Amino acid sequence: MNYQESLDYLYSLARLGIKLGLDNTERLLNYFGNPQLKIPTVHIAGTNGKGSTAAFVESILRASGSRVGLYTSPHILDFRERIQINRRLIEPEELIHWVAAIKHAAAALNCAPTFFEFGTVMAFLQFEHRKTDWNVIEVGMGGRLDSTNLCRGRVCIITPISRDHESHLGTRLDQIAGEKAAIIKHPCTVVCGSQEKEVIKVVEEQSRAHQAPLLQLGRDFQVVVQSHFLEGQVFDFNGPEIWYKGLEISLAGRHQSLNAGLAVAACTALADPSVTETTLREGLKSAGWPGRLELCGTRPFLIMDGAHNPDSFKKLTAALSELFPHQRKIWVFGIMRDKPLAEITDIIKDHIDHMILTQPKNDRSAPLDAVRDALAGFTQPMDWVEDVPSALDRASQVARPEDLIVVTGSLFTVAEAKQVIENQTYNS
17 MNYQESLDYL YSLARLGIKL GLDNTERLLN YFGNPQLKIP TVHIAGTNGK GSTAAFVESI
77 LRASGSRVGL YTSPHILDFR ERIQINRRLI EPEELIHWVA AIKHAAAALN CAPTFFEFGT
137 VMAFLQFEHR KTDWNVIEVG MGGRLDSTNL CRGRVCIITP ISRDHESHLG TRLDQIAGEK
197 AAIIKHPCTV VCGSQEKEVI KVVEEQSRAH QAPLLQLGRD FQVVVQSHFL EGQVFDFNGP
257 EIWYKGLEIS LAGRHQSLNA GLAVAACTAL ADPSVTETTL REGLKSAGWP GRLELCGTRP
317 FLIMDGAHNP DSFKKLTAAL SELFPHQRKI WVFGIMRDKP LAEITDIIKD HIDHMILTQP
377 KNDRSAPLDA VRDALAGFTQ PMDWVEDVPS ALDRASQVAR PEDLIVVTGS LFTVAEAKQV
437 IENQTYNS
(Lines of atoms letter the chains of each structure in order from A and count residues from 1; the text may use other names and numbers.)
(Lines give C-alpha, C1' and ligand atoms only; values in the text may rest on other atoms or scores of the structure.)
Protein backbone atom coordinates (compact mmCIF):
# COMPACT_ATOMS: atom_id res chain seq x y z
CA MET A 1 0.00 0.00 0.00
CA ASN A 2 1.13 3.56 -0.64
CA TYR A 3 0.54 6.41 1.81
CA GLN A 4 -2.96 7.35 0.62
CA GLU A 5 -4.04 3.71 0.52
CA SER A 6 -2.75 3.26 4.07
CA LEU A 7 -4.75 6.28 5.24
CA ASP A 8 -7.83 5.05 3.40
CA TYR A 9 -7.52 1.71 5.17
CA LEU A 10 -7.21 3.42 8.56
CA TYR A 11 -10.28 5.58 7.95
CA SER A 12 -12.24 2.55 6.77
CA LEU A 13 -11.87 1.23 10.33
CA ALA A 14 -13.64 4.32 11.67
CA ARG A 15 -16.87 2.88 10.28
CA LEU A 16 -16.67 0.23 13.01
CA GLY A 17 -17.43 3.04 15.46
CA ILE A 18 -16.42 3.23 19.13
CA LYS A 19 -15.93 -0.09 20.92
CA LEU A 20 -14.53 0.18 24.41
CA GLY A 21 -12.56 -2.86 25.51
CA LEU A 22 -8.99 -4.07 25.77
CA ASP A 23 -9.08 -7.47 24.06
CA ASN A 24 -8.05 -6.47 20.53
CA THR A 25 -5.34 -4.08 21.68
CA GLU A 26 -4.00 -6.49 24.27
CA ARG A 27 -3.70 -9.32 21.74
CA LEU A 28 -1.97 -7.09 19.20
CA LEU A 29 0.45 -5.62 21.73
CA ASN A 30 1.26 -9.11 23.02
CA TYR A 31 1.97 -10.14 19.43
CA PHE A 32 4.52 -7.33 19.13
CA GLY A 33 6.17 -7.98 22.51
CA ASN A 34 4.29 -5.37 24.58
CA PRO A 35 6.12 -2.22 23.49
CA GLN A 36 3.89 -0.11 25.77
CA LEU A 37 5.63 -1.52 28.86
CA LYS A 38 9.19 -0.74 27.77
CA ILE A 39 9.24 3.06 28.08
CA PRO A 40 8.34 5.16 31.15
CA THR A 41 5.04 6.91 30.61
CA VAL A 42 2.92 9.81 31.77
CA HIS A 43 -0.72 8.72 31.32
CA ILE A 44 -3.46 11.37 31.22
CA ALA A 45 -7.22 10.92 31.69
CA GLY A 46 -10.04 13.39 32.34
CA THR A 47 -12.87 15.15 30.55
CA ASN A 48 -11.31 18.46 29.55
CA GLY A 49 -7.73 19.65 29.31
CA LYS A 50 -6.09 16.28 28.58
CA GLY A 51 -4.49 17.36 25.32
CA SER A 52 -3.26 20.71 26.61
CA THR A 53 -1.83 19.09 29.74
CA ALA A 54 -0.12 16.48 27.57
CA ALA A 55 1.37 19.26 25.44
CA PHE A 56 2.79 20.98 28.53
CA VAL A 57 4.28 17.75 29.91
CA GLU A 58 5.79 16.86 26.53
CA SER A 59 7.28 20.32 26.11
CA ILE A 60 8.89 20.32 29.57
CA LEU A 61 10.44 16.88 29.07
CA ARG A 62 11.64 17.79 25.58
CA ALA A 63 13.18 21.06 26.84
CA SER A 64 14.99 18.93 29.43
CA GLY A 65 16.76 17.01 26.67
CA SER A 66 14.57 13.91 26.52
CA ARG A 67 13.24 12.19 23.42
CA VAL A 68 9.48 12.29 23.99
CA GLY A 69 6.71 10.33 22.33
CA LEU A 70 3.32 12.07 22.33
CA TYR A 71 0.05 10.25 21.54
CA THR A 72 -3.13 12.34 21.47
CA SER A 73 -6.52 12.37 19.78
CA PRO A 74 -8.38 13.47 17.83
CA HIS A 75 -6.21 15.08 15.16
CA ILE A 76 -7.23 18.32 13.47
CA LEU A 77 -5.86 18.22 9.91
CA ASP A 78 -3.60 15.19 9.60
CA PHE A 79 -3.83 11.72 11.18
CA ARG A 80 -0.08 11.88 11.79
CA GLU A 81 -0.65 14.61 14.41
CA ARG A 82 -1.68 11.82 16.78
CA ILE A 83 1.77 10.21 16.87
CA GLN A 84 4.69 12.58 17.40
CA ILE A 85 8.25 12.35 18.68
CA ASN A 86 9.73 15.65 19.88
CA ARG A 87 6.75 17.26 18.10
CA ARG A 88 7.70 15.79 14.71
CA LEU A 89 4.86 13.86 13.12
CA ILE A 90 5.33 10.21 12.27
CA GLU A 91 6.75 10.04 8.75
CA PRO A 92 4.49 8.82 5.90
CA GLU A 93 6.88 5.92 5.22
CA GLU A 94 6.69 4.86 8.87
CA LEU A 95 2.91 5.01 8.83
CA ILE A 96 2.84 2.82 5.70
CA HIS A 97 5.13 0.29 7.42
CA TRP A 98 3.08 0.09 10.62
CA VAL A 99 -0.27 -0.14 8.85
CA ALA A 100 0.99 -3.15 6.91
CA ALA A 101 2.53 -4.76 10.00
CA ILE A 102 -0.52 -4.29 12.23
CA LYS A 103 -2.91 -5.35 9.48
CA HIS A 104 -0.89 -8.56 9.05
CA ALA A 105 -0.90 -9.18 12.82
CA ALA A 106 -4.66 -8.61 13.07
CA ALA A 107 -5.25 -11.14 10.31
CA ALA A 108 -2.97 -13.67 12.01
CA LEU A 109 -4.82 -13.18 15.30
CA ASN A 110 -8.25 -13.12 13.65
CA CYS A 111 -9.16 -9.84 15.35
CA ALA A 112 -10.71 -6.67 13.95
CA PRO A 113 -9.26 -3.59 15.68
CA THR A 114 -11.14 -0.31 15.58
CA PHE A 115 -9.64 2.91 14.23
CA PHE A 116 -8.53 4.01 17.71
CA GLU A 117 -7.19 0.59 18.70
CA PHE A 118 -5.14 0.44 15.50
CA GLY A 119 -3.73 3.93 16.10
CA THR A 120 -2.85 3.14 19.71
CA VAL A 121 -0.88 0.04 18.74
CA MET A 122 0.87 2.05 16.02
CA ALA A 123 1.90 4.72 18.53
CA PHE A 124 3.42 2.25 20.98
CA LEU A 125 5.30 0.47 18.18
CA GLN A 126 6.62 3.74 16.77
CA PHE A 127 7.81 4.96 20.17
CA GLU A 128 9.60 1.69 20.91
CA HIS A 129 11.18 1.65 17.44
CA ARG A 130 12.44 5.23 17.78
CA LYS A 131 13.64 4.60 21.35
CA THR A 132 11.86 7.42 23.17
CA ASP A 133 12.95 8.29 26.71
CA TRP A 134 9.43 9.18 27.84
CA ASN A 135 5.96 8.67 26.42
CA VAL A 136 3.09 11.05 27.10
CA ILE A 137 -0.16 9.20 26.43
CA GLU A 138 -3.61 10.79 26.35
CA VAL A 139 -6.61 8.54 27.00
CA GLY A 140 -9.08 8.48 24.11
CA MET A 141 -12.30 7.99 26.11
CA GLY A 142 -12.83 7.05 29.73
CA GLY A 143 -9.84 5.07 30.93
CA ARG A 144 -10.72 1.63 32.28
CA LEU A 145 -11.55 0.13 28.87
CA ASP A 146 -9.55 2.57 26.76
CA SER A 147 -6.89 1.04 24.52
CA THR A 148 -4.20 3.18 26.13
CA ASN A 149 -4.84 1.55 29.51
CA LEU A 150 -2.47 -1.29 28.70
CA CYS A 151 0.44 1.03 29.47
CA ARG A 152 1.55 1.75 33.03
CA GLY A 153 1.98 5.38 33.96
CA ARG A 154 4.95 6.41 36.08
CA VAL A 155 2.72 9.42 36.77
CA CYS A 156 -1.03 9.42 36.10
CA ILE A 157 -2.73 12.79 35.64
CA ILE A 158 -6.48 13.19 36.15
CA THR A 159 -7.64 16.47 34.58
CA PRO A 160 -11.04 17.97 35.53
CA ILE A 161 -13.86 15.45 35.18
CA SER A 162 -17.39 16.40 34.13
CA ARG A 163 -20.24 14.77 32.23
CA ASP A 164 -19.46 13.73 28.66
CA HIS A 165 -19.82 10.55 26.56
CA GLU A 166 -22.53 9.48 29.02
CA SER A 167 -23.79 6.65 26.81
CA HIS A 168 -20.39 4.99 27.21
CA LEU A 169 -19.20 6.13 30.63
CA GLY A 170 -22.37 6.53 32.71
CA THR A 171 -24.54 9.45 33.75
CA ARG A 172 -23.29 10.00 37.30
CA LEU A 173 -20.07 11.82 38.06
CA ASP A 174 -18.84 9.06 40.37
CA GLN A 175 -19.38 6.49 37.59
CA ILE A 176 -17.47 8.61 35.09
CA ALA A 177 -14.72 9.23 37.65
CA GLY A 178 -14.44 5.49 38.26
CA GLU A 179 -13.86 4.86 34.57
CA LYS A 180 -11.19 7.54 34.32
CA ALA A 181 -9.42 6.82 37.63
CA ALA A 182 -8.93 3.21 36.48
CA ILE A 183 -5.70 4.28 34.77
CA ILE A 184 -4.17 4.44 38.27
CA LYS A 185 -2.02 1.35 38.88
CA HIS A 186 0.75 0.54 41.34
CA PRO A 187 3.39 1.89 41.27
CA CYS A 188 2.63 5.44 40.18
CA THR A 189 2.09 8.94 41.49
CA VAL A 190 -1.29 10.55 40.83
CA VAL A 191 -1.64 14.25 40.01
CA CYS A 192 -5.26 15.41 40.15
CA GLY A 193 -6.86 18.65 38.97
CA SER A 194 -9.74 20.56 40.56
CA GLN A 195 -12.72 18.23 40.95
CA GLU A 196 -16.19 17.92 42.41
CA LYS A 197 -16.36 16.19 45.80
CA GLU A 198 -17.75 12.93 44.43
CA VAL A 199 -14.91 12.78 41.91
CA ILE A 200 -12.22 13.41 44.51
CA LYS A 201 -13.63 10.59 46.65
CA VAL A 202 -13.29 8.12 43.77
CA VAL A 203 -9.75 9.26 42.88
CA GLU A 204 -8.68 9.03 46.53
CA GLU A 205 -10.12 5.51 46.85
CA GLN A 206 -8.40 4.32 43.66
CA SER A 207 -5.11 5.88 44.74
CA ARG A 208 -5.26 4.20 48.14
CA ALA A 209 -6.17 0.85 46.60
CA HIS A 210 -3.05 0.98 44.43
CA GLN A 211 -0.77 2.57 47.06
CA ALA A 212 -0.29 5.56 44.79
CA PRO A 213 0.69 8.92 46.32
CA LEU A 214 -1.89 11.57 45.40
CA LEU A 215 -1.03 15.21 44.68
CA GLN A 216 -4.20 17.27 44.46
CA LEU A 217 -4.52 20.79 43.04
CA GLY A 218 -5.81 23.10 45.74
CA ARG A 219 -4.67 20.82 48.56
CA ASP A 220 -1.06 19.84 47.85
CA PHE A 221 -0.18 22.54 45.34
CA GLN A 222 -1.70 25.81 44.16
CA VAL A 223 -1.76 27.73 40.91
CA VAL A 224 -2.22 31.51 41.13
CA VAL A 225 -2.70 33.44 37.88
CA GLN A 226 -0.90 36.78 38.02
CA SER A 227 -1.75 38.12 34.56
CA HIS A 228 -3.80 36.90 31.61
CA PHE A 229 -3.85 38.18 28.05
CA LEU A 230 -4.54 36.93 24.53
CA GLU A 231 -0.92 35.89 23.94
CA GLY A 232 -0.72 33.85 27.15
CA GLN A 233 -0.46 34.31 30.90
CA VAL A 234 1.81 34.34 33.92
CA PHE A 235 1.19 32.26 37.04
CA ASP A 236 2.83 31.16 40.28
CA PHE A 237 3.12 27.50 41.28
CA ASN A 238 3.17 26.83 45.02
CA GLY A 239 3.96 23.21 45.88
CA PRO A 240 4.74 21.37 49.09
CA GLU A 241 8.50 21.66 48.49
CA ILE A 242 8.90 23.76 45.34
CA TRP A 243 7.74 27.29 44.56
CA TYR A 244 7.98 28.85 41.13
CA LYS A 245 7.12 32.49 40.59
CA GLY A 246 6.28 34.07 37.25
CA LEU A 247 5.87 30.96 35.11
CA GLU A 248 4.87 31.93 31.56
CA ILE A 249 2.70 30.04 29.09
CA SER A 250 1.63 30.98 25.57
CA LEU A 251 -1.93 29.62 25.70
CA ALA A 252 -4.91 31.83 26.54
CA GLY A 253 -7.68 30.99 29.01
CA ARG A 254 -7.16 30.87 32.78
CA HIS A 255 -7.89 27.14 32.75
CA GLN A 256 -4.65 26.65 30.81
CA SER A 257 -2.64 27.83 33.82
CA LEU A 258 -4.34 25.06 35.81
CA ASN A 259 -3.42 22.54 33.10
CA ALA A 260 0.15 23.84 33.14
CA GLY A 261 0.19 23.50 36.93
CA LEU A 262 -0.73 19.82 36.60
CA ALA A 263 2.17 19.41 34.17
CA VAL A 264 4.58 21.10 36.60
CA ALA A 265 3.45 18.82 39.44
CA ALA A 266 3.72 15.74 37.20
CA CYS A 267 7.18 16.54 35.86
CA THR A 268 8.39 17.28 39.37
CA ALA A 269 6.99 13.94 40.58
CA LEU A 270 8.94 12.10 37.87
CA ALA A 271 12.12 13.01 39.78
CA ASP A 272 14.05 13.19 36.51
CA PRO A 273 17.26 15.13 37.28
CA SER A 274 17.26 16.61 33.77
CA VAL A 275 14.09 18.55 34.62
CA THR A 276 15.35 21.78 36.16
CA GLU A 277 13.67 25.11 36.85
CA THR A 278 15.25 26.47 33.67
CA THR A 279 14.01 23.65 31.43
CA LEU A 280 10.62 23.70 33.10
CA ARG A 281 10.19 27.40 32.41
CA GLU A 282 11.41 26.97 28.84
CA GLY A 283 9.09 24.04 28.20
CA LEU A 284 6.03 25.79 29.57
CA LYS A 285 6.60 28.94 27.54
CA SER A 286 7.21 27.12 24.26
CA ALA A 287 4.27 24.71 24.55
CA GLY A 288 1.51 25.13 21.99
CA TRP A 289 -1.75 23.31 21.34
CA PRO A 290 -3.91 24.04 18.27
CA GLY A 291 -7.64 24.51 18.30
CA ARG A 292 -7.84 25.76 21.89
CA LEU A 293 -8.57 29.49 22.04
CA GLU A 294 -6.32 29.67 19.01
CA LEU A 295 -6.00 33.08 17.37
CA CYS A 296 -6.17 32.45 13.61
CA GLY A 297 -6.79 35.95 12.30
CA THR A 298 -7.27 39.64 13.07
CA ARG A 299 -9.51 42.35 11.61
CA PRO A 300 -11.79 40.71 12.41
CA PHE A 301 -10.35 38.60 15.21
CA LEU A 302 -10.80 34.90 14.51
CA ILE A 303 -10.66 32.45 17.41
CA MET A 304 -11.00 28.68 17.04
CA ASP A 305 -11.79 26.52 20.04
CA GLY A 306 -12.79 22.86 20.22
CA ALA A 307 -15.25 23.29 23.11
CA HIS A 308 -17.80 20.49 22.89
CA ASN A 309 -19.35 19.90 26.32
CA PRO A 310 -20.89 22.11 29.04
CA ASP A 311 -17.74 22.51 31.12
CA SER A 312 -15.58 23.47 28.14
CA PHE A 313 -18.17 26.02 26.99
CA LYS A 314 -18.14 27.60 30.46
CA LYS A 315 -14.37 27.99 30.17
CA LEU A 316 -14.62 29.34 26.62
CA THR A 317 -17.27 31.95 27.40
CA ALA A 318 -15.39 33.06 30.54
CA ALA A 319 -12.19 33.52 28.53
CA LEU A 320 -13.94 35.41 25.72
CA SER A 321 -15.64 37.73 28.21
CA GLU A 322 -12.28 38.55 29.77
CA LEU A 323 -10.18 38.79 26.61
CA PHE A 324 -12.74 40.39 24.28
CA PRO A 325 -15.06 42.38 26.58
CA HIS A 326 -16.09 44.99 23.99
CA GLN A 327 -16.07 43.07 20.71
CA ARG A 328 -19.25 41.97 18.98
CA LYS A 329 -19.13 38.18 18.85
CA ILE A 330 -20.15 36.18 15.78
CA TRP A 331 -20.21 32.42 16.38
CA VAL A 332 -19.80 29.70 13.77
CA PHE A 333 -21.26 26.75 15.64
CA GLY A 334 -21.32 23.08 14.66
CA ILE A 335 -21.73 20.37 17.29
CA MET A 336 -22.25 16.61 17.58
CA ARG A 337 -25.76 15.27 18.13
CA ASP A 338 -24.85 13.27 21.26
CA LYS A 339 -24.15 16.44 23.25
CA PRO A 340 -26.64 18.01 25.72
CA LEU A 341 -27.80 20.78 23.39
CA ALA A 342 -30.26 22.41 25.79
CA GLU A 343 -27.66 22.70 28.57
CA ILE A 344 -24.97 23.97 26.20
CA THR A 345 -27.15 26.56 24.48
CA ASP A 346 -28.24 27.86 27.88
CA ILE A 347 -24.56 28.44 28.74
CA ILE A 348 -23.60 30.19 25.50
CA LYS A 349 -26.69 32.15 24.43
CA ASP A 350 -25.88 35.35 26.34
CA HIS A 351 -22.36 35.50 24.88
CA ILE A 352 -23.33 35.63 21.19
CA ASP A 353 -24.32 38.65 19.11
CA HIS A 354 -24.83 36.75 15.85
CA MET A 355 -25.13 32.96 15.58
CA ILE A 356 -24.27 31.04 12.41
CA LEU A 357 -25.26 27.39 12.73
CA THR A 358 -23.50 24.84 10.56
CA GLN A 359 -22.93 21.12 10.25
CA PRO A 360 -19.44 19.59 9.92
CA LYS A 361 -18.98 16.58 7.66
CA ASN A 362 -19.29 13.92 10.32
CA ASP A 363 -21.87 11.19 10.78
CA ARG A 364 -22.35 12.30 14.40
CA SER A 365 -22.95 15.99 13.68
CA ALA A 366 -26.20 17.47 14.97
CA PRO A 367 -28.78 18.42 12.32
CA LEU A 368 -29.25 22.16 11.92
CA ASP A 369 -32.93 22.01 12.88
CA ALA A 370 -32.10 20.27 16.18
CA VAL A 371 -29.64 23.01 17.16
CA ARG A 372 -32.04 25.69 15.96
CA ASP A 373 -34.80 24.20 18.13
CA ALA A 374 -32.46 24.20 21.15
CA LEU A 375 -31.92 27.93 20.53
CA ALA A 376 -35.65 28.67 20.31
CA GLY A 377 -35.40 31.53 22.81
CA PHE A 378 -32.32 33.10 21.21
CA THR A 379 -33.16 36.71 20.29
CA GLN A 380 -30.03 37.76 18.39
CA PRO A 381 -29.62 37.35 14.60
CA MET A 382 -29.17 33.74 13.53
CA ASP A 383 -28.31 32.08 10.22
CA TRP A 384 -28.06 28.40 9.35
CA VAL A 385 -25.58 27.38 6.68
CA GLU A 386 -25.18 23.81 5.44
CA ASP A 387 -21.37 23.54 5.49
CA VAL A 388 -18.47 25.01 7.46
CA PRO A 389 -16.70 26.84 4.58
CA SER A 390 -19.94 28.64 3.66
CA ALA A 391 -20.58 29.42 7.32
CA LEU A 392 -17.13 30.96 7.63
CA ASP A 393 -17.79 33.04 4.52
CA ARG A 394 -21.09 34.19 6.02
CA ALA A 395 -19.29 35.18 9.22
CA SER A 396 -16.79 37.25 7.25
CA GLN A 397 -19.68 39.07 5.54
CA VAL A 398 -21.36 39.85 8.87
CA ALA A 399 -18.26 40.83 10.83
CA ARG A 400 -16.80 44.31 11.00
CA PRO A 401 -13.00 44.70 11.29
CA GLU A 402 -13.18 45.23 15.05
CA ASP A 403 -15.46 42.20 15.69
CA LEU A 404 -14.67 38.67 16.87
CA ILE A 405 -15.52 35.48 14.99
CA VAL A 406 -15.57 32.33 17.14
CA VAL A 407 -15.49 28.91 15.47
CA THR A 408 -16.50 26.25 17.99
CA GLY A 409 -18.76 23.34 18.94
CA SER A 410 -16.43 20.50 17.98
CA LEU A 411 -12.87 19.87 16.89
CA PHE A 412 -14.43 18.57 13.67
CA THR A 413 -15.86 22.04 13.05
CA VAL A 414 -12.51 23.60 13.91
CA ALA A 415 -10.70 21.19 11.59
CA GLU A 416 -12.85 22.11 8.59
CA ALA A 417 -12.48 25.82 9.34
CA LYS A 418 -8.69 25.50 9.64
CA GLN A 419 -8.64 23.73 6.29
CA VAL A 420 -10.44 26.73 4.80
CA ILE A 421 -7.83 29.06 6.32
CA GLU A 422 -4.98 26.93 4.99
CA ASN A 423 -6.53 27.01 1.52
CA GLN A 424 -6.83 30.81 1.84
CA THR A 425 -10.49 30.86 0.97
CA TYR A 426 -11.47 32.79 4.10
CA ASN A 427 -12.58 36.32 3.23
CA SER A 428 -12.00 38.87 5.97
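Numbering-wise, the sequence shown is residues 17 to 444 according to my numbering.
All C-beta atoms in this analysis are idealised placements derived from N, C-alpha and C, irrespective of residue type, glycine included.
Keep in mind that this is a model prediction, so the values were computed, not measured.
Contact annotation, Thr88 with Ala70: C-beta distance approximately 6 Å; criterion of less than 8 Å satisfied. By the criterion of a C-beta distance shorter than 7 Å, Pro376 is surrounded in its chain by Gly350, Val404, Ser426, Phe428, Thr429, Glu432, once the five residues flanking it on both sides are discounted. Put simply, the backbone Cα of Ser28 is about 44 Å away from that of Val250. Gly248: member of the beta strand (DSSP E) spanning 248-254, first to last residue. No residue range can be given for Leu32, since it is assigned to no alpha helix (DSSP H) and is classified by DSSP as neither H nor E. Of the candidates Ser266, Ser273, Ala268, Ser273 places its Cα closest to the Cα of Asn254. Just so you know, the alpha carbons of Ala334 and Asn50 end up roughly 44 Å apart.
Comparing alpha-carbon positions, the option among Asn18, Thr294, Ile258, Ala282 lying closest to Glu264 turns out to be Thr294. Straight-line measurement puts the Cα of Asn378 at about 33 Å from the Cα of Gly169. If you look at Lys345, you'll find it in the beta strand (DSSP E) that goes 345-349.
According to the DSSP assignment, Met320 belongs to the beta strand (DSSP E) that extends over 317-320. Rounded to whole angstroms, the separation of the alpha carbons of His226 and Val422 is 43 Å. Within the same chain, and ignoring the five residues on either side of Asn64 in sequence, the residues whose Cβ sits closer than 6 Å to its Cβ are Pro176, Asp327, Ser328.
Cβ contact annotation for Ser381 (same chain, cutoff 8 Å, sequence separation greater than five): Gly350, Ile351, Met352, Arg353, Gln375, Ser426, Phe428, in chain order. According to DSSP, Val218 shares a beta bridge with no other residue. Pairing Val291 with Pro56, the inter-Cα distance amounts to about 15 Å. Residue state for Arg416 is assigned as coil, using DSSP reduced to three classes.
Counting along the chain, Phe95 sits inside no beta strand (DSSP E), nor does DSSP assign it H or E at all.
Going by C-alpha positions, Leu26 is about 41 Å away from Phe340. Excluding its 5 nearest sequence neighbours in each direction, His271 has C-beta neighbours in its own chain below 7 Å: Gly65, Lys331, listed in chain order.
Rounded to the nearest angstrom, the gap between the Cα atoms of Ser22 and Glu220 is 43 Å. Excluding sequence positions up to five before and after Leu391, its CB lies within less than 6 Å of the CB of Thr361, all in the same chain and listed in chain order. Counting C-beta atoms within 10 angstroms of its own C-beta, Arg188 has fewer than 16 neighbours from the protein chains shown and is therefore classed as exposed. Straight across, the Cα-Cα distance linking Pro129 with Gly186 is about 24 Å. Around the beta carbon of Arg104, a 10 Å sphere encloses fewer than 16 other beta carbons of the protein chains shown; the residue is thus reported as exposed. In this structure, Gly299 lies near Ser80, with their beta-carbon atoms less than 9 Å apart. In the DSSP annotation of this structure, Gly425 is not part of any alpha helix (DSSP H), being labelled neither H nor E.
With a 10 Å radius around the Cβ and a threshold of 16 neighbouring Cβ atoms, Pro256 comes out exposed. The residue from Gly307, Trp259, Leu166 with its alpha-carbon nearest to that of Arg297 is Trp259. In this structure Ala411 touches Ile372 by the C-beta definition: roughly 6 Å separates them, less than 8 Å. Secondary-structure assignment with DSSP links Glu154 through a beta bridge to Ile60. In the three-state reduction of the DSSP assignment, Lys330 falls in the helix class, which pools H, G and I.
Exposure of Val240 is indicated by the presence of fewer than 16 other C-beta atoms within 10 angstroms of its C-beta.
Residue pairing of Val280 in beta bridges, as defined by DSSP: absent, with no partner found. DSSP, read as helix, strand or coil, puts Met352 in strand. Between Val401 and Ile346, the C-beta gap is not smaller than 9 Å, which leaves the two residues out of contact.
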